[in-house]
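Participant: Keeping their order, the protein sequence lines are chains A and B.
For the record, in the first sequence the residue sitting at position 131 is 131 according to the numbering used here, with numbers rising by one throughout.
For the record, in the second sequence the residue sitting at position 97 is 97 according to the numbering used here, with numbers rising by one throughout.
Don't be surprised by glycine CBs; every beta carbon is placed ideally from N, CA and C.
A quick note: this is a predicted structure, and the numbers were derived from the prediction, not measured.
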Amino acid sequence: MTEPGFVLPTLTLVALATWLPAVAFALIMIFLRPHPRQAAGLSIAAVSVSLLSAVWLLIRHWHLSTPIHFTVRWVASGDLTIPFGFLLDPVSLLMLTVVAVICFLVQVYSLGYMAGDPGFWRYYAFMSLFAWAMTSLTVSLTLIQLYIFWELVGLASYLLIGFWYEKFSASEARKKAFVMTRFGDVAFFLGLLLLLIHFGNLDIMELNGPTPAERMSPLLLTVSSLLIFGGIIGKSAQFPLLTWLPDAMEGPTPVSALLHSATMVAAGVYLFARLLPLFSHSTTAMAVFLAIGTISMVAASTMAMVSRDIKRVWAYSTISQLGYMIMGLAAGGFFAGVFHLTTHAGFKALLFLCSGVFIHHFGTNDMVEIGRHGGRSLKIPMVCMIIGAAALAGLPPLSGFFSKELILGVLADRPNPIWVATALLGVFLTAYYTFRLIFVILFPRTVDKVKVQHGEDNHADRTSDRLMGWPLIILSAVTLLLGFFEAPLEHFLARGLAAVEPAGGHTWVLFSSLGLAAIALALSWFEFGRRGADQVGFVERIPWLYDFFAERWYIDRFYRFALDRFVYRGIAALCAQNDQKVIDGSIDGLSRGTVNTGRRIAFLHTGMIQYRLLIIFVAMVLLGMFFIF
Amino acid sequence: MIVSFGHVLVLSGLLFLLGTVCAVTRRNLIMILLGVEIMLNAATIAFVGAALRWHDMEGQVFVLFIFAVAAAEVSVGLALIIGVYRRTGSVDPSNFNLLK
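(1) Is the beta carbon of T44(B) less than 8 Å from the beta carbon of V63(B)?
(2) With burial defined as no fewer than 16 other Cβ atoms inside 10 Å of the residue's Cβ, what is the status of M325(A): buried or exposed?
(3) Name the chain A residues that come within less than 8 Å of T44(B), Cβ to Cβ?
(4) So which of D247(A), F443(A), R60(A), D309(A) has the shortest CA-CA distance to F526(A)?
(5) Over the uninterrupted beta strand (DSSP E) stretch that includes H281(A), give me the two end residues.
(6) Within the 8 Å Cβ cut-off, does S90(B) reach chain A?
(7) Can you tell me whether DSSP reads A76(A) as helix, strand or coil?
(8) Flag this pair as yes or no: are the beta carbons of L613(A) and V24(B) separated by less than 8 Å?
(9) Could you give the distance in angstroms between the alpha-carbon of I519(A) and the alpha-carbon of T18(A)?
(10) Compare the beta carbon distance of S4(B) and A42(B) with 8 Å and say whether it is the shorter of the two.
(11) For a quick check, are the C-beta atoms of R308(A) and V368(A) less than 8 Å apart?
(12) For F188(A), does the count of other Cβ atoms within 10 angstroms reach 16, so buried, or fall short, so exposed?
(13) Considering P381(A), what are the terminal residues of the alpha helix (DSSP H) in which it resides?
(14) Report the CB separation of H281(A) from P381(A) in whole angstroms; it is logged as a contact under 8 Å.
(15) Run through DSSP, which three-state label would T2(A) get?
(16) Between the region 466 to 482 of chain A and the region 100 to 114 of chain A, can you find at least three pairs of beta-carbon atoms closer than 8 Å?
(17) Can you pull out the residues from the region 588 to 619 of chain A whose beta carbon lies closer than 9 Å to at least one beta carbon of chain B?
(18) So for E456(A), helix, strand or coil by DSSP?
(19) Do the CB positions of F362(A) and H373(A) come within less than 8 Å of each other?
(20) Whether or not the region 290 to 299 of chain A and the region 159 to 174 of chain A are in contact is what I'm after, with contact meaning three or more pairs of Cβ atoms, one per stretch, closer than 8 Å; do they touch?
(21) May I ask you to report which of helix, strand or coil DSSP gives S140(A)?
(22) Just grab the DSSP bridge partners of D534(A) for me.
(23) Any idea what DSSP makes of G41(A), helix, strand or coil?
(24) Does any residue of chain A bring its CB to less than 8 Å from the CB of A79(B)?
(25) To which residues of the same chain is G35(B) closer than 6 Å at the C-beta, ignoring the five residues directly before and after it?
(26) In three-state terms, what does DSSP make of L221(A)?
(27) Cα-Cα, which of D247(A), R215(A), M29(A) is closest to A170(A)?
(28) Spell out a yes or no on whether the region 60 to 76 of chain A and the region 117 to 130 of chain A are touching, meaning 3 or more CB-CB pairs, one atom from each, closer than 8 Å.
(29) Beta-carbon of S94(B) versus every beta-carbon of chain A: anything under 8 Å?
(30) Could you name the residues of chain A that R28(B) contacts, counting a contact when the two beta carbons are closer than 8 Å?
(31) Counting only beta-carbon separations shorter than 8 Å, does N41(B) have a partner in chain A?
(32) Pick from E172(A), L155(A), F178(A), G231(A): whose alpha carbon is nearest that of D185(A)?
(33) In three-state terms, what does DSSP make of I438(A)?
(34) Counting only C-beta atoms, is V70(B) closer than 8 Å to chain A at any point?
(35) Just checking my contact of V106(A) with A349(A) at CB under 8 Å: how many whole Å lie between their CB atoms?
(36) Whose Cβ in chain A lies nearer than 7 Å to the Cβ of A23(B)?
This is the structure we're talking about:
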């Protein structure tokens, strides 16, 4: 911070990494509408420069000891000043790199996936918008700045979920996602206001210092933490607000990979990691967070067990993995949560992109259909998907194994054994539903010999396959190798934080989780994989349990009911009455009065020119007499 | 000056009154136009008298101007009346009350 020669290149790099996609977005929206290919090129060029800058920043500041921050005054009105700037510490550097990498890979992949779509330019414009908002979110200096980009990310999500807006379900899904996340964001904003009023500052570094605990009462801290967590619940689709994420799968698959699994929904967890020192002041709030993470984790895994839609399974598993991260963070395992966030971004994007290849080829989301049409004939995506699935299930030596073990270790440190027990149940469920999907696609009961026709453009098809293949291979490599970078990453992240949690040496947790995963794998093999299996899961044999899971624990039904009962019949009816009786009535009365008055005075107006002439003369004569005499 | 200025003004005032009554009361567009012309001429008589009274030629110049304006006005007015007659078949001003 002291020597300008050190700060200036960093500042340039951050500005490049965050604002180039914004430039690309503006240019595409204004100029490149009729040139979809150039639009895609511009967007990818911007995001690749952004990626290079992010990686360079990460390498440059690998030995970062104190956070770098840069501030300018953005708005000054009276006593209120809103600063704007960048804050670079290990977490934000890591997140920035993760976001840039996934953005880049997904945009390259989309060249193949979205080829020929009439909204190609629009897609890349929105992708750039998202890249800008998300990268800026990660390096935000204050919570206000973070909140602005938080909402922009939500906007990008809304636009991309409803990308195929002609589809009714897609436009419904985008509304649902927008409203539900906004519900949480209101709480978030109230929390921010509370902090602003009682603490007077929303600088993340100051909030994480010791001052909030001195200046605010414990009750206020708890309330504001809970309110801010409301935003996290909305964005990361945690327990009461989790049903928007499965519906958000109406968007194109690369969008689901980028926004609704790897980066945007992880923004909630990122915010949690960001404010962990602040939240840690309140043990009550942390207990609530832990409970909510746990409930979401279990609930979403059970929902994933009965879904046949391949993308929805991954959506549920995203919710449950985010629940894991929140559990880890809420239990105090900063590194565990952030590391799981990083590995999850890799393998979940991989899973979605692989599913995208299947969906692209077979034109269906149903895993049974894909299996029947010969999904296993697509070698690269199948292998990559198995790698991703194994990482998701926490099998060694893939990245998911390392991060999940860390979270389990942190949870095992808690005095109450219920958390680690539930987490182990989650491990079992995760491995079960993951391999259910894999086995259904890999070993279909009946195989249709009819090959899917690709039409004449075989050459174009091969190009798009290659474009879609490379990101898969890169992400698989990341998934395979990232776990072995646990120690250096931990070292890197620990520098930002003074206190490092002691590494828990719970070997029993390691073995029991591996054992449970193996049992779940065997169970799903028995039910779905082995020759002659009838491919009916044990949940589906219990009708009421199946209904309960398939109906998403009746959460949506409850929302529907509450909406009909209280919003439509209560508030909306009152508003309608007010509109019809009071507002319409007064306007109608006013206009009717005007018309009636007009009718009454209309006799003065005969439309006869000679009368007017006469009146003019009389008036002139009277005026003349007035002036002369 | 044989005729006194007062008499000239009385003549012009009477003519103006005649023109006014004609313009206001007659139920024929042409007669209204004629009334307006008579009012203009009444004004020119007053101008001529005044020019004689103060020995100043400006009054007579004004009279020439008024002739020109009156000629132009009559041509436009007659054209309008012809147009109106062709459209409606009537020159009665009480029929033209669409603005009512």
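Facilitator: Looking at the atomic coordinates:
(1) Your numbering for residue 44(B) matches position 44 in the second sequence. Your numbering for residue 63(B) matches position 63 in the second sequence. For T44(B) and V63(B), yes; Cβs fall inside 8 Å.
(2) Translated into positions along the first sequence, residue 325(A) becomes position 325. Looking at its Cβ environment, which holds 16 or more other Cβ atoms inside 10 Å, M325(A) is buried.
(3) Here residue 44(B) refers to the residue found at position 44 of the second sequence. Simply none; closest approach about 19 Å.
(4) Counting from one through the first sequence, the residue named residue 526(A) turns up at place 526. That would be F443(A), whose Cα lies nearest to the Cα of F526(A).
(5) For the purposes of this step, residue 281(A) is taken as the residue at position 281 of the first sequence. From DSSP, H281(A) is part of no beta strand (DSSP E); its letter is neither H nor E.
(6) The sequence position of residue 90(B) within the second sequence is 90, counting from 1. No, S90(B) lies away from the interface with chain A (no Cβ there is under 8 Å from its Cβ).
(7) Here residue 76(A) refers to the residue found at position 76 of the first sequence. The answer is strand: DSSP assigns A76(A) an E or B state.
(8) The sequence position of residue 613(A) within the first sequence is 613, counting from 1. The sequence position of residue 24(B) within the second sequence is 24, counting from 1. Yes; because the gap between Cβ atoms is below 8 Å, this pair is in contact.
(9) Walking along the first sequence from the start, residue 519(A) turns up at place 519. Walking along the first sequence from the start, residue 18(A) turns up at place 18. Taking the straight line joining both Cα atoms gives about 45 Å.
(10) Here residue 4(B) refers to the residue found at position 4 of the second sequence. Here residue 42(B) refers to the residue found at position 42 of the second sequence. Not closer than 8 Å, so no.
(11) Within the first sequence, numbered from 1, the residue matching residue 308(A) stands at position 308. Within the first sequence, numbered from 1, the residue matching residue 368(A) stands at position 368. Yes, they are a contact pair.
(12) Along the first sequence, one-based indexing puts residue 188(A) at 188. Buried.
(13) For the purposes of this step, residue 381(A) is identified with residue 381 of the first sequence, where counting begins at 1. Segment 379 to 393, the alpha helix (DSSP H) holding P381(A).
(14) On the first sequence, residue 281(A) is found 281 positions in, with the first residue counted as 1. On the first sequence, residue 381(A) is found 381 positions in, with the first residue counted as 1. Rounded, the Cβ-Cβ distance is 47 Å, inconsistent with contact.
(15) Residue 2(A) sits at position 2 when you count from the first residue of the first sequence. Low confidence applies here, because T2(A) scores a pLDDT of 43, under 50, leaving its location unreliable and the question unanswered by this model.
(16) yes
(17) A602, H605, T606, G607, M608, I609, Q610, Y611, L613, L614, F617
(18) Locating residue 456(A) in the first sequence gives position 456, counting from the first residue. Any reading at E456(A) needs caution, since the residue's pLDDT is 43, under 50, leaving its predicted position unreliable; the model's value is listed next. E456(A) falls in the coil class under three-state DSSP.
(19) Walking along the first sequence from the start, residue 362(A) turns up at place 362. Walking along the first sequence from the start, residue 373(A) turns up at place 373. Yes, these two residues count as a Cβ contact at 8 Å.
(20) no
(21) Numbered from its first residue, the first sequence carries residue 140(A) at position 140. S140(A) falls in the strand class under three-state DSSP.
(22) Within the first sequence, the letter at position 534 stands for residue 534(A). Answer is none; D534(A) lacks a bridge partner.
(23) Numbered from 1 along the first sequence, position 41 holds the residue referred to as residue 41(A). Correct three-state label for G41(A): helix.
(24) Position 79 of the second sequence holds residue 79(B). Answer no: the Cβ-Cβ gap between A79(B) and chain A never drops below 8 Å.
(25) Within the second sequence, numbered from 1, the residue matching residue 35(B) stands at position 35. Cβ neighbours of G35(B) beyond the five flanking positions: G19, C22, A23.
(26) Along the first sequence, read from residue 1 onward, the residue named residue 221(A) stands at position 221. Here L221(A) sits in helix by DSSP.
(27) In the first sequence, residue 170(A) corresponds to position 170, counting from 1. Comparing Cα-Cα distances from A170(A) to each of D247(A), R215(A), M29(A), the minimum goes to D247(A).
(28) no
(29) Walking along the second sequence from the start, residue 94(B) turns up at place 94. Yes, S94(B) lies at the interface with chain A (some Cβ there is under 8 Å from its Cβ).
(30) Position 28 of the second sequence, counted from the start, is the residue given in the question as residue 28(B). Reading off the sequence shown, one finds Asn at residue 28(B), where the question assumed Arg. Within chain A, no residue comes near N28(B); the closest Cβ sits about 11 Å away, beyond 8 Å.
(31) Along the second sequence, one-based indexing puts residue 41(B) at 41. Output row for N41(B): interface = no.
(32) Within the first sequence, the letter at position 185 stands for residue 185(A). Checked all of E172(A), L155(A), F178(A), G231(A); the closest Cα to D185(A) is G231(A).
(33) For the purposes of this step, residue 438(A) is taken as residue 438 along the first sequence, with counting starting at 1. I438(A) falls in the helix class under three-state DSSP.
(34) Residue 70(B) sits at position 70 when you count from the first residue of the second sequence. In the sequence as presented, Val is not what sits at residue 70(B); that position holds Ala. No, because no Cβ of chain A sits closer than 8 Å to the Cβ of A70(B).
(35) Against the first sequence, residue 106(A) aligns to sequence position 106. Against the first sequence, residue 349(A) aligns to sequence position 349. Right, their Cβ atoms sit about 7 Å apart.
(36) For the purposes of this step, residue 23(B) is taken as the residue at position 23 of the second sequence. Residues of chain A passing the Cβ test: L613.
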